[in-house]
Each structure stands twice: as structure tokens, then as C-alpha cells.
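Chains A and X supply the protein sequences, listed in that same order. Read in the working numbering, the first sequence has 26 at position 26, and its numbers run on one by one without any break. Numbering-wise, the working numbering comes out as the position in the second sequence, counting from 1, plus 1000. Glycine included, every Cβ here is placed at the ideal spot set by N, Cα and C.
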Amino acid sequence: MIVGEQKPLEEILSLLGNARRVLVAGCGTCVTVCFAGGEKEAAILASALRMKSQLEGRPMEVDEVTVQRQCEWEYIDPLAERLKDYNVVLSLACGIGVQAMNERFPDVITLPGLNTTFLGLPEEHGVWVERCQACGDCILGVTFGICPIARCSKQLLNGPCGGSQNGVCEVNPDIPCAWQLIWERAIKFGQVERLLEVQPPKNWSRSRDGGPRKIVREDLRLPESE
Amino acid sequence: MSNQTNGYKSGSNLEKLLRAGHFVVTAEIGPPQSADPEVIRRKARLLKGVVDAANITDNQTAIVRMSSIASAVLALQEGVEPIVQMTCRDRNRLAMQSDLLGAYALGARNLLCLTGDHQSFGNHPTAKNVHDLDSIQFIRMVRDMRDEGRFQCGDEIKGVRPAFFIGAAENPFADPFDFRPYRLAKKIAAGVDFIQTQIILDIPRFREFMKRVVDMGLHEKVYILAGIGPLKSAGAARYMRDKVPGMRVREEYVERMEAAVAGIPKEDKKARKEAWEREGIRIAIEQIQEIREIPGVAGVHIMAIEWEEAVRPIVEGAGLLPRPVVE
């Protein structure tokens, strides 16, 4: 899932500037699951903004709403009427949701209330870790199910660097060395020889480096869409 | 167009000496954090005639310094053969190849292909890193430029090829230890000619690594230069033991450095410094003598970081002067 983290209140206030009427928009999917931007977080943030702006003597009118998915037109379209009442939307969705709102409702500015952090999973309650970089050319099949693009600090494709020690990365002892994990999996499955082939340079054009990506599935397009 | 190398891959002094079977000595020149060419010239003069070639580090520990290629040209002007270090951290494949053409055109003949220390250790921790290639892919690219006359994309190099003697690093002390000899084998498969190891302060572990290397026959396919890092103080030994990722330091070295200043009052900083330096140089000499006997070791690489003055007494003390000459 997409994992996000709320921006500090000071930064949010600075982004909001002199806005008088603000709609805090939560999102009911990924950011709800990671406790960053769901209905509950939207309510808490809206309340905090009301109090803070009151204390600072420039009260803002802040309301909140949460839609199931800010990244799909069908879920955000019903907001159209309501948005007419606001100067600013403060979205607690990921960066996709923020952009979807700006794109669909060009007359009102939607600001980000979260930092979209990574694609990952909750390792345990309250701990999220990155697992995928959406590089567009999955190599998990040759790395025994552990991604060195997302999990090696140097994105190495041919084994660990010289900074791997006692199973952890040189960058931070909280980061398990991806290549240590890959090596252990290779041993477990008795397939060490698969790691001995020199992996060629990666085709980064399928990643973000090739420019913004797009998928068109002709088999799924509707006749009326052009 | 192939180059005039008389049967050598690069024709560098380092390559010729290794091919002739000499026990080689390399050292390191760290470029300054300024635009002052005199720093390189002074360090080069300390190493001239003492080593067979000198590494020129590339933004080592991710701290911005004078370009390794520019510094290499300054070293060349002082009569020291450079080994240009280049990392995958700061350049993509376009920049790497472009700089390789330039470095060769300016006279560099040895190259050390490195992954690079992570930028979080340096003075620009908020920088974006590149890692378009890893060090093994980098080696293969340089080899193909030299031997196939092709850029990484496959296009032909029309004209002079950059014919480098290709080096890489290996850390026998990092984990997973069992993977290390295989990683070396991958570097050989990718086309590396020589290896410089991480600083050795655990000779038994290095001996075990080399045994595996020799058992796999890798020492016959690549020249291995053992890393020697003279200790400057007891504090430096402890720092390497506790703080440097991928380092292993045997307690005996820390103890010897601590014992070196026994009886010297803390206030007498000069006497302590001299005692430490004497002991650091003595340990380095003993290590070279011991490591030289390990099968598969083709030379030593002395990393006297910001202490280039130590290189001559170490090389001299180890009985490795004068340096051999090959035509």
C-alpha cells in the first residue's frame, strides 16, 4: 500500500496562509490503513487547525470530509458542489489524490497535508517499511523475493557492497542489508549459483527515469472514451 | 582503431610490473577540499619513486573534493602514475563514459571502479545518489569500451579507445563473508584486472579469505593488492574498530597502540604523537612482511589517509625500495 505521514502542523499552517475557509479531505484507502489521512485523522487535524487559528487570532473555518478514494474520479466527483464554499482543500490523501483533486477541480487549490512516503507494509503495529519502488521492471524473480532496488541503499544488482556487516546496512543499523537477506534465501533454496551471474545494467527507462509512465489497455477501454 | 599497447591491456606502469611478477606497492592521494593544486603536487612528491602508482580518491567518504581526474593529471605532472578512482554514486552511465574518455585523453591509464560510500556519511547528506550502474556493471562497461571498442549502449567507439587497466575494491571483512569470494569471481567475470582490498587489521580473516580465493583459482585471474592502513593513534584504531562499517580490527592492534604511549604523560602531545606514529609504521611494516607470504597476494595498497609522509618509511622498512622499473 501507499504509506504516508502527516506534515507538521506548522508547515500545514504556512501552506494554508491566509485561507479563510478550508476543507480537510481525508481518503478512505491506503492512508486510512496507515493512520495518516483517514476520517479520524481528518477530524483531528481539522479540529487542531480550528483551535490553532483561533489562538493566533485569525480564525479559519475548517470542515472535513472523507471520500473512499481520492485517486478515482467517481469517488471525488460528488464533491464538486461542496467545494464551491471553500478557498482551499487540504488533502490528506497521497500525492496522487492531491493531484486528482487539483485536476478535477481546477478552480480551487488543493494542498497536501501529508508527505507520501513510500510503497510498503506495516511490519508490526505502528511500524511501516518500504518494499517497492515501482521501477517498472520487477526483478524479485531473480532476487529470491527481496527487492534490492527498494531495500539496498545503493540499489546494487550484483551483491552486497563492502558496508554490509552483521546483517545490517552501513547507512543505518536499523536497515537490514537486502543482499544479506537475498544471500540467505539463495542458500535456503540451494540456488546460490543464480546469484553468481553478472546482472546487466538495469533498464531505467521503465522506471521514473523514462518520464511519467502510462499504461493503456485497449481491451479495457470503453467505446465512448476517445 | 586499436591502440598501441604492445600486448598490454593499458600499458600502465602498474600493469607492466604486475605482469613481470613484481610485488607492487600502491598508495593513496586524497584530493583537497579546495581548488589548490599544490596539495596534490606536495602529496605526489612524497610518493614519487616510493610507490608504483597512486590512487586518487573520488569524493571519498562522500565529501566534496577536487575531481579525481583533475587531481590525477596533477599527479602525472609530478611523475606519479595515477589510479583514477570513480564511484557509481555521483555519475550515471553517460557521465561515467564521458569522464573515462576524458581521463584517458589526459593520460590516465589505471582506473578503480567503486560503488562509492553512501552520501549520508558525507557533507551533502541531502544529495540524490545515482547508482545507475553498480561496480560490477561498471567494470564490464569499462572492459567493453577497451576490448570491444563499444560504449555501454553498444555503439562503436570510432577512434581511440580508453584502454584502462581495470581495478576494483574488495572487502574481505564485510558480510556475508561466504559471498565475498563469489563477488570477487563476479568482478573477474565482468573483466577486472586488479583488486585492492579494504584495510586489513585482521590477518587471520584475510588469510581465510585468500585461502578461498586461491582454492577457487581466482588469484590466477586477477592481481590482488592487500590493503594496509597504518594506524595514527590508539583513538584511530578504536574508531576503526567501532565506527567504520565493514571493518574488523583485532584487539591486538588497539592494545599495541595504547601500549605505545604508556609512560608518556598526556600533556606531552608531541611525544605521544611521535610514539603512536612510530608504532603505527612498525605495525604496517610487520603486516606487509606477513601478508606478503600469503599465497595469491600480488602487492600492497597503503592507505595512509592524510598521512602520506608515512608511506616512504613503511615501504622502505618493508624492504621494498627501490621500486623496480620495467621497460
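Residue i versus residue j - alpha carbon distance
| i | j | result |
| --- | --- | --- |
| Ile175/A | Asp1117/X | 16 Å |
| Val192/A | Leu1184/X | 15 Å |
| Met1001/X | Gly1102/X | Caution applies to Met1001/X, whose pLDDT of 44 falls short of 50 and renders its modelled position unreliable; the value that the coordinates give is listed next. The alpha-carbon atoms of Met1001/X and Gly1102/X are separated by roughly 17 Å. |
| Ala1236/X | Gly1011/X | 38 Å |
| Val1261/X | Ile1305/X | 21 Å |
| Glu232/A | Ile76/A | Outside the displayed range of chain A (1 to 226) lies residue 232/A, so it cannot be described from this structure. |
| Ser91/A | Lys7/A | 11 Å |
| Ala1226/X | Pro112/A | 53 Å |
| Phe144/A | Phe1151/X | 31 Å |
| Ala150/A | Val67/A | 30 Å |
| Glu224/A | Cys30/A | 31 Å |
| Gly162/A | Arg206/A | 29 Å |
| Arg194/A | Tyr1182/X | 11 Å |
| Gly210/A | Glu1286/X | 54 Å |
| Ser1067/X | Lys1048/X | 21 Å |
| Cys35/A | Ala178/A | As written in the sequence, residue 35/A is Phe, which differs from the Cys given in the question. Approximately 27 Å, taken between the alpha carbons. |
| Arg1093/X | Leu1133/X | 7 Å |
| Ile89/A | Trp73/A | Ile is not the amino acid found at residue 89/A; the sequence shown has Val there. Approximately 16 Å between the Cα atoms of the pair. |
| Ala1318/X | Ala1053/X | 17 Å |
| Arg1250/X | Ser164/A | 18 Å |
| Pro1324/X | Gly1079/X | 15 Å |
| Ile146/A | Asp137/A | 14 Å |
| Glu1255/X | Ile2/A | 51 Å |
Chain A within 8 Å of residue i, Cβ atoms only
| i | result |
| --- | --- |
| Gln1152/X | yes |
| His1118/X | yes |
| Tyr1223/X | no |
| Val1041/X | At residue 1041/X the sequence reads Arg, which differs from the Val that was named. No, its Cβ sits nowhere closer than 8 Å to a Cβ of chain A. |
| Thr1328/X | The shown model of chain X, from 1001 to 1327, leaves out residue 1328/X, and the question about it has no answer. |
| His1124/X | no |
| Lys1186/X | yes |
| Asp1134/X | yes |
| Gln1196/X | no |
| His1131/X | yes |
| Ala1095/X | no |
| Arg1146/X | no |
| Ala1190/X | yes |
| Gln1140/X | The amino acid occupying residue 1140/X in the given sequence is Arg; Gln does not appear at that position. So yes, Arg1140/X belongs to the interface. |
| Arg1238/X | no |
| Gln1085/X | no |
| Arg1091/X | no |
| Arg1205/X | no |
| Arg1183/X | yes |
| Gln1077/X | no |
| Gln1137/X | yes |
Chain X contact for residue i (CB, 8 Å cutoff)
| i | result |
| --- | --- |
| Gln70/A | no |
| Gln6/A | no |
| Val171/A | yes |
| Trp183/A | yes |
| Gln191/A | no |
| Gln133/A | no |
| Gln180/A | yes |
| Gly120/A | no |
CB contact flag (residue i, residue j, <8 Å)
| i | j | result |
| --- | --- | --- |
| Asn227/A | Asp1175/X | Here chain A comprises residues numbered 1 to 226, so residue 227/A is not present and cannot be evaluated. |
| Val1024/X | Gly1299/X | yes |
| Tyr1239/X | Phe1194/X | no |
| Leu23/A | Tyr86/A | yes |
| Pro1032/X | Ile1056/X | no |
| Leu1321/X | Val1050/X | yes |
| Gln1137/X | Pro201/A | yes |
| Ile1203/X | Ala1168/X | no |
| Lys1016/X | Val1326/X | yes |
| Ala1075/X | Ala1035/X | no |
| Ala80/A | Phe118/A | no |
| Met1247/X | Trp1276/X | no |
| His1131/X | Cys1088/X | yes |
| Val1214/X | Leu1046/X | no |
Residues in the region 150-169 of chain A having any Cβ partner in chain X nearer than 7 Å: Of all residues in the region 150-169 of chain A, only Ser153, Lys154, Gln155, Leu156, Leu157, Asn158, Gly159, Pro160, Cys161, Gly162, Gly163, Ser164, Gln165, Asn166 and Gly167 place a beta-carbon less than 7 Å from a beta-carbon of chain X.
May I have a chain-ordered list of the alpha helix (DSSP H) segments no shorter than 4 residues that lie completely inside the region 1088-1112 of chain X? 1093-1105
Could you name each continuous beta strand (DSSP E) segment of 3 residues or more that falls completely within the region 1105-1193 of chain X, going from the start of the chain to the end? 1110-1114 and 1165-1170
Contacting positions in the region 196-216 of chain A - beta carbon closer than 9 Å to chain X: Leu196, Glu197, Val198, Gln199, Pro200, Pro201, Lys202, Trp204 and Asp209
Going along the chain, which unbroken runs of the alpha helix (DSSP H) with 4 or more residues stay wholly within the region 111-151 of chain A? 148-151
Using Cβ-Cβ distances below 7 Å, what residues of the region 1240-1257 of chain X are close to chain A? If the cut-off is 7 Å between Cβ atoms, the region 1240-1257 of chain X has Pro1245 and Gly1246 near chain A.
Contiguous alpha helix (DSSP H) assignments of at least 4 residues, all confined to the region 1260-1296 of chain X: Taken in chain order, the complete alpha helix (DSSP H) segments of 4 or more residues contained in the region 1260-1296 of chain X are 1269-1291.
Residues of the region 1155-1181 of chain X with a CB closer than 7 Å to any CB of chain A: list them in chain order, please. Ala1169, Asn1171, Ala1174, Asp1175, Pro1176 and Phe1179
At 4 residues or longer, and completely inside the region 1026-1062 of chain X: list those alpha helix (DSSP H) runs for me, N to C. 1037-1047
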